[in-house]
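Line by line, the protein sequences give chains A and B.
If you use full-length UniProt numbering, the first sequence corresponds to residues 1 to 502, in order.
If you use full-length UniProt numbering, the second sequence corresponds to residues 1 to 320, in order.
Encoded as structure tokens, the structure appears first; notes follow it.
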Amino acid sequence: MTVNTMMNAAEMEAIAARHPHLIYGSSRKRIRSALIFAGIALYMIYSWWFFSIGQVLTNANWGIAGTYLADWVSYEVRPDIKIAADGAMQVVYPRFSPLGPDAKPEWVKIETRMVERAFDAPAATQQALPTKSSTFSFMAPKSAVGSSARAEVKPEIRSEEVVSRATISFNSATSVDVVDRTVTATHNGETLLIDLDPGRGVQPKGELPDWATQKRPGEKITLAFGMTGWADVDVEKVSIHNRFPGWANFIFDTNSPFFNKSFGEVAGLIFAGERLDPARSNLSLAWNNILYNAEWQHLDVWTKLLQTIVMAFVGTLFASIVAFPLCFLAARNITRNGVLNQVTKRFFDFLRSVDMLIWALFFTRAFGPGPLAGMSAIFFTDTGTLGKLYSEALENIDDKQREGVKSVGAAPLAVQRFGVLPQVLPVFASQALYFWESNTRSATIIGAVGAGGIGLKLWEAMRTNSDWENVCYMVILILVVVFIFDSVSNLLRSRLMGQKTH
Amino acid sequence: MATSAPSPTLSDNGAVVERHWQELNLRRRTYTFIGLALLAMALSGSLWFANETNAGKFFDRLLYFFDFVGDLVPRDGAEIARAMFDLASPYDDGSLKYNYPEGRMYLTDAIYVPEYFYRMLETLNIAIFSTIFGMFFGFILCFLAARNLMPNPWVRGFVRRLMEILRAFPEVVIAGFFLAILSLGPIPAMIAVSIHTVGALGKLFFEVVENADMRPDEGLRATGGNWIERVWFGMVPQVLPNFMSYALLRLEINVRASTIIGAVGGGGIGEPLRLSIGQGHEAKTLAIIILLFSTIIAVDQFSAWLRRRLVGDQAFQLAQ
Chain A
1 MTVNTMMNAA EMEAIAARHP HLIYGSSRKR IRSALIFAGI ALYMIYSWWF
51 FSIGQVLTNA NWGIAGTYLA DWVSYEVRPD IKIAADGAMQ VVYPRFSPLG
101 PDAKPEWVKI ETRMVERAFD APAATQQALP TKSSTFSFMA PKSAVGSSAR
151 AEVKPEIRSE EVVSRATISF NSATSVDVVD RTVTATHNGE TLLIDLDPGR
201 GVQPKGELPD WATQKRPGEK ITLAFGMTGW ADVDVEKVSI HNRFPGWANF
251 IFDTNSPFFN KSFGEVAGLI FAGERLDPAR SNLSLAWNNI LYNAEWQHLD
301 VWTKLLQTIV MAFVGTLFAS IVAFPLCFLA ARNITRNGVL NQVTKRFFDF
351 LRSVDMLIWA LFFTRAFGPG PLAGMSAIFF TDTGTLGKLY SEALENIDDK
401 QREGVKSVGA APLAVQRFGV LPQVLPVFAS QALYFWESNT RSATIIGAVG
451 AGGIGLKLWE AMRTNSDWEN VCYMVILILV VVFIFDSVSN LLRSRLMGQK
501 TH
Chain B
1 MATSAPSPTL SDNGAVVERH WQELNLRRRT YTFIGLALLA MALSGSLWFA
51 NETNAGKFFD RLLYFFDFVG DLVPRDGAEI ARAMFDLASP YDDGSLKYNY
101 PEGRMYLTDA IYVPEYFYRM LETLNIAIFS TIFGMFFGFI LCFLAARNLM
151 PNPWVRGFVR RLMEILRAFP EVVIAGFFLA ILSLGPIPAM IAVSIHTVGA
201 LGKLFFEVVE NADMRPDEGL RATGGNWIER VWFGMVPQVL PNFMSYALLR
251 LEINVRASTI IGAVGGGGIG EPLRLSIGQG HEAKTLAIII LLFSTIIAVD
301 QFSAWLRRRL VGDQAFQLAQ
């Protein structure tokens, strides 16, 4: 029974020579695929030129990309060490610092002393005034607007407590120390001394290490400490950017009475503490503070997310309800009327091809910005898409059941109900579910043109280029929703269609 | 259907069967009823919520529903052609509404490409480029995600999760992020659509691979082919037509997607469309819509024709 099918090399070559078309395929085929690949390659080169991709990519500000990405999952605290003309220092936090108004972080160590300061230069006062009134001054709450206004009239000598030394420790290996117009920066064992000379500008002592850059002598020096932050050293100001992982003030913002309290303290306040606001319980105050968190706007984000979900849900549901009767008119095996078939089918094509974006823009004009516009856009587009798919499904049904029902003398409607519907209903439902899920995704995008939902909020958060952590928050919420809907719709569809999941 | 005729008395067995059937029927009806009731509740709740949070209320605004038709009536029919081909308008009063010739893209001193054609070409190029890009990377990734070719569950799981994230990540965010880095232009839109396409095509591709015939692969394995040879000679020839068909379907979707992304700040036709609708420039709006509409239909028809040639009728299923 065993036949030796092994061939030696010579035999193989002989066979190959006798039937070359089996081994090498037709030359036309080979040339065609080579041509297709060459065409694609040419097209890519053309696009590279058309969009001048190379140029755009080289001109891009890649340095800022890292900062933006880091902003997704971390935040910066930015104290400024201001050095006045007389050498007195002041540590100032910006107005919306994540540390809140009364920040005394442990990583900023300050030494103070009392000095006699003359407020006799009106120009300097005027310069200092706006910053003092708009930012929270760290150690000198007495320097109010009124006293400075008087200073313009009459020179005044006041005794004031000023910062004589400020030490900022970024981490164990990195710190910046400012004392007597000298900045000492330490990073990974290297130390850089910088003199801040009002006359000669910023003067480093010795070579600049890798992590320090100065564009021109005398100008500011930028110290880049990697992920832990960076600092700008200038004659009048040392700006510190200390980066911390995580999201700042995610639950309570700095205006909330619960701000900066540990979980235990908050729980204690809520369940046993005295009422912070006599009008309502601490629990409702805390909940209110969370919802209206100024920085994260939880309530608004959730509302917008719910809008997106609702847009997809209602839009798809209405679309399938409207497409359902129409598809019977469009299917040529159900309605035997060529004109009616064609009219309905072209109507579906029209709805589909006008594109969700155009519908969204129109309905935003009609209903004003909000979910109604997005809902209607999804409804119009999907009526077309679902109608087309439904009528295709109808045209592919098995005719035997219909004939069977017809042969026992059923009325036309009963034929559809018992002969057609049982075959197509699972397909219809499954396709509607599929579009529900995919519309949840597209609803995010059309939201950005004003059609309601989280899209616009996302877009606005990105526009400022500083709220990337909010973008991250919304993206996570969207991903969670999409994954949940994905699995629910997959589960339902596989139950509808039997075991075959797709 | 006529079941009302009096039936002969049932035997005990028959009665059991009938009772059982009635129970089943009742239970099914109850479930259907509960399901429909839940759906109705969800629907009315959703509608109420949507109406509450909308800027204009549905019934108040319904009267203005067809306002947009008014936005589409130009001063005369020829205005549409003038807007489309950037010809000078007799109504030109220096405003943005009639400044059609200003958009001309001159190739030489005399020959120009009308602005909207150029923008449409840009959108089309974004779509084609991202489809090819997505197809290339989807092609590489799909073999690592298919159960029959990648026995290692960690690699498979990782690639699948990666593709899921690429797919679900909102395109707006990618476009916005790259807009911040690359400044205005079509490239952020290209990146956004490409990334999404990698995920979407990768998923469809690996499903095709998992359904492929494994006999060529077995043959190659028997003769000692390595993994790349098995994929290239055993798998690729049988899945390529399906891959092409899905890529073409994706192209249709990408043309639409790149229009939308263009409207929120990327390049292409979306941006002038949004602006002209927002500012009420009827002729421009209509010109763009006609252009977009015919492009979409042309792409759809071309893709349908090519798919039918590649794989026959079975390619006409859902895909995303």
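All residues carry an ideal CB built from backbone N, CA and C; glycine is no exception.
- Query: How close, in whole Å, do the beta carbons of asparagine 13 of chain B and leucine 372 of chain A come, if the pair is a contact with beta carbons under 8 Å?
  - Reply: The sequence position of residue 13 of chain B within the second sequence is 13, counting from 1. The sequence position of residue 372 of chain A within the first sequence is 372, counting from 1. Wrong, their Cβ atoms sit about 59 Å apart, outside the cutoff.
- Query: According to DSSP, is alanine 128 of chain A helix, strand or coil?
  - Reply: In the first sequence, the residue the question calls residue 128 of chain A occupies position 128. Because alanine 128 of chain A sits at a pLDDT of 44, beneath the cut-off of 50, its placement in the model cannot be relied upon, and the following sentence gives the value as read from the coordinates. Note: alanine 128 of chain A maps to helix in three-state DSSP.
- Query: What span of residues does the alpha helix (DSSP H) with alanine 212 of chain B cover, start to end?
  - Reply: Mapped onto the second sequence, residue 212 of chain B falls at position 212. Looking at the DSSP string, alanine 212 of chain B is not in any alpha helix (DSSP H), and its letter there is neither H nor E.
- Could you check if threonine 444 of chain A is buried or exposed, using at least 16 other CB atoms within 10 Å of its CB as the buried criterion? Within the first sequence, numbered from 1, the residue matching residue 444 of chain A stands at position 444. Classification of threonine 444 of chain A: buried, given that the 10 Å Cβ count is 16 or more.
- Specify the secondary structure class of histidine 196 of chain B as computed by DSSP and reduced to three states. Locating residue 196 of chain B in the second sequence gives position 196, counting from the first residue. Residue state, collapsed to three classes: helix.
- Message: Considering only DSSP beta bridges, list what alanine 212 of chain A is partnered with.
- Response: Here residue 212 of chain A refers to the residue found at position 212 when the first sequence is read from its first residue. Partner(s): A/Leu223.
- Give a yes or no on whether the C-beta atoms belonging to tryptophan 247 of chain A and isoleucine 181 of chain B are separated by under 8 Å. Within the first sequence, the letter at position 247 stands for residue 247 of chain A. Within the second sequence, the letter at position 181 stands for residue 181 of chain B. Against a cut-off of 8 Å, the Cβ pair of isoleucine 181 of chain B and tryptophan 247 of chain A comes out as no contact.
- Pick out whichever of A/Pro198, A/Asp177, A/Gly199, A/Gly201 has its Cα sitting closest to the Cα of leucine 192 of chain A. Here residue 192 of chain A corresponds to residue number 192 of the first sequence, with the count starting at 1. The candidate whose alpha carbon is nearest that of leucine 192 of chain A is A/Asp177.
- Whole angstroms is fine: what's the gap from threonine 316 of chain A's alpha carbon to valine 480 of chain A's? For the purposes of this step, residue 316 of chain A is taken as the residue at position 316 of the first sequence. For the purposes of this step, residue 480 of chain A is taken as the residue at position 480 of the first sequence. The straight-line gap from Cα to Cα measures roughly 20 Å.
- Query: chain A partners of threonine 259 of chain B, CB-CB under 7 Å?
  - Reply: Along the second sequence, one-based indexing puts residue 259 of chain B at 259. Going along chain A in sequence order, the residues near threonine 259 of chain B (Cβ under 7 Å) are Asp355, Leu357.
- Query: Where valine 311 of chain B and glutamine 238 of chain B are concerned, what is the direct C-alpha to C-alpha distance, given to the nearest angstrom?
  - Reply: Reading the second sequence from its first residue, position 311 is the one you call residue 311 of chain B. Reading the second sequence from its first residue, position 238 is the one you call residue 238 of chain B. In a straight line, the C-alpha of valine 311 of chain B is about 11 Å away from that of glutamine 238 of chain B.
- Does the distance from the C-beta atom of residue 504 of chain A to that of valine 73 of chain A stay below 8 Å? Because chain A is modelled from 1 through 502, residue 504 of chain A falls outside the range shown and cannot be assessed.
- Message: Taking contact to mean 3 or more Cβ pairs, one atom from each stretch, closer than 8 Å, check whether the stretch 356-365 of chain A and the stretch 417-431 of chain A are in contact.
- Response: no
- Message: Against chain A, does threonine 123 of chain B count as a neighbour if the rule is that its beta carbon must be under 8 Å from one of theirs?
- Response: Along the second sequence, one-based indexing puts residue 123 of chain B at 123. Not closer than 8 Å to any Cβ of chain A, the Cβ of threonine 123 of chain B fails to qualify, so no.
- Message: Determine, for arginine 256 of chain B, whether the minimum Cβ-Cβ distance to residues of chain A falls below 8 Å.
- Response: Walking along the second sequence from the start, residue 256 of chain B turns up at place 256. Interface residue, yes.
- Task: Starting from the Cα of alanine 429 of chain A, find the closest Cα among A/Gly229, A/Gly370, A/Ser320 and give me that residue.
- Result: Reading the first sequence from its first residue, position 429 is the one you call residue 429 of chain A. Selected option, being the one with the closest Cα: A/Ser320.
- Task: Verify the CB distance criterion: does asparagine 25 of chain B have a CB-CB separation below 8 Å to chain A?
- Result: Numbered from 1 along the second sequence, position 25 holds the residue referred to as residue 25 of chain B. By this cut-off, asparagine 25 of chain B is not an interface position.
- Assign arginine 95 of chain A to one of three DSSP states: helix, strand, or coil. The residue you call residue 95 of chain A lines up with position 95 of the first sequence. Arginine 95 of chain A falls in the coil class under three-state DSSP.
- Grouping DSSP H, G and I as helix and E and B as strand, with all else coil, what is proline 204 of chain A? If you number the first sequence from 1, residue 204 of chain A lands on position 204. The answer is strand: DSSP assigns proline 204 of chain A an E or B state.
- Message: Assuming contact is defined by CB atoms lying nearer than 8 Å, are phenylalanine 139 of chain B and phenylalanine 233 of chain B in contact in what I supplied?
- Response: The count along the second sequence starts at 1 and reaches residue 139 of chain B at position 139. The count along the second sequence starts at 1 and reaches residue 233 of chain B at position 233. Cβ distance not < 8 Å, so phenylalanine 139 of chain B and phenylalanine 233 of chain B don't count as in contact.
- Message: Checking 8 Å against the spacing of the C-beta atoms, do proline 186 of chain B and glycine 268 of chain B come in under that value?
- Response: Here residue 186 of chain B refers to the residue found at position 186 when the second sequence is read from its first residue. Here residue 268 of chain B refers to the residue found at position 268 when the second sequence is read from its first residue. The answer is yes: Cβ separation under 8 Å.
- Message: Taking the straight line between their C-alpha atoms, what separation do you get for histidine 21 of chain A and methionine 44 of chain A?
- Response: Taking the first sequence and counting its residues from 1, one reaches residue 21 of chain A at position 21. Taking the first sequence and counting its residues from 1, one reaches residue 44 of chain A at position 44. Roughly 33 Å between the two C-alpha positions.
- Item | Cα-Cα separation, glycine 201 of chain A to isoleucine 174 of chain B | Here residue 201 of chain A refers to the residue found at position 201 of the first sequence. Here residue 174 of chain B refers to the residue found at position 174 of the second sequence. Cα-Cα distance, rounded: 42 Å.
- So which of B/Arg75, B/Phe129, B/Val69, B/Asn226 has the shortest CA-CA distance to leucine 42 of chain A? Within the first sequence, numbered from 1, the residue matching residue 42 of chain A stands at position 42. Per the Cα distances, B/Phe129.
- Coil, strand or helix - phenylalanine 136 of chain A by DSSP: As a working mapping, residue 136 of chain A is identified with position 136 in the first sequence. Its pLDDT being 43, under 50, phenylalanine 136 of chain A is placed unreliably in this model, and the coordinates cannot settle the point.
- Query: When burial is assigned at 16 or more other CB atoms within 10 Å of the CB, is tyrosine 46 of chain A buried or exposed?
  - Reply: In the first sequence, the residue the question calls residue 46 of chain A occupies position 46. Tyrosine 46 of chain A is exposed by the Cβ-count criterion.
- Task: Could you check if alanine 10 of chain A is buried or exposed, using at least 16 other CB atoms within 10 Å of its CB as the buried criterion?
- Result: Numbered from 1 along the first sequence, position 10 holds the residue referred to as residue 10 of chain A. Per the 10 Å Cβ criterion, exposed.
- Message: Let me check understanding here. Comparing Cα to Cα, which of A/Gly338, A/Val339, A/Val310 lies closest to arginine 441 of chain A?
- Response: Residue numbering aside, residue 441 of chain A sits at position 441 when the first sequence is read from its first letter. When each option's Cα is compared against that of arginine 441 of chain A, the closest is A/Val310.
- Message: So, with DSSP's three-state summary, where would you put residue 503 of chain A?
- Response: The displayed coordinates of chain A run from 1 to 502. Any statement about residue 503 of chain A would go beyond what the structure contains.
- For the stretch 55-78 of chain A, which residues have a beta carbon sitting closer than 9 Å to at least one beta carbon of chain B? Val56, Leu57, Asn59, Ala60, Asn61, Trp62, Ile64, Ala65, Tyr68, Leu69
- Query: valine 172 of chain B versus chain A: which residues are under 7 Å apart at the beta carbon?
  - Reply: Numbered from its first residue, the second sequence carries residue 172 of chain B at position 172. By Cβ distance, chain A contributes Thr444, Ile445, Ala448, Gly455, Leu458, Trp459.
- Query: Unbroken beta strand (DSSP E) runs of length 3 or more, entirely within the stretch 52-107 of chain A: which are they?
  - Reply: 74-77, 80-83, 89-93
- Note down the Cα distance separating tryptophan 468 of chain A from arginine 119 of chain B, rounded to an integer number of angstroms. For the purposes of this step, residue 468 of chain A is identified with residue 468 of the first sequence, where counting begins at 1. For the purposes of this step, residue 119 of chain B is identified with residue 119 of the second sequence, where counting begins at 1. Between tryptophan 468 of chain A and arginine 119 of chain B, the C-alpha separation is close to 30 Å.
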